[in-house]
Amino acid sequence: MKELKKDLILESAIKNFAINGYEASMDEIAYDAKVSKGLLFFYYKSKENLIIDAAIKSVPLDVLNYIETKNTVISIRYYMTWVQDF
């Protein structure tokens, strides 16, 4: 049940950040996920933490697999290129 709530929060965050960018509010994200703002902050202490997890969840599996097989510098460059193209 806990993971389900966290997944709902992440899906709501992805949607809201896609529409409003960093200006998306934690209130909107909690409302769309149908969770209390307190529960949202239980999982994510800040918007920065939430946007990082949302970005990671949005990365396609093939990109993550590629990154894991390369050294750190190549991984960072590849990920940055993917993010810019996204």
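Each residue of the sequence shown is one higher than the last, beginning at 1 in UniProt numbering.
We put the CB at the ideal spot given by N, CA and C, even for glycine.
Taking C-beta to C-beta, are residue 32 and residue 58 nearer than 8 Å?
no
Tell me the rounded alpha-carbon separation between residue 45 and residue 29.
14 Å
Verify whether the separation of the beta carbon atoms of residue 22 and residue 51 is less than 8 Å.
yes
Whose C-beta lies closer than 8 Å to the C-beta of residue 41 among residues of the same chain, with five residues either side of it excluded?
26
Would residue 8 and residue 34 be called neighbours here (beta carbons separated by less than 8 Å)?
yes
Endpoints, alpha helix (DSSP H) assigned at residue 24:
From DSSP, residue 24 is part of no alpha helix (DSSP H); its letter is neither H nor E.
For residue 5 and residue 39, the rounded distance between their alpha carbons
9 Å
Coarse secondary structure for residue 46, derived from DSSP in three states:
coil
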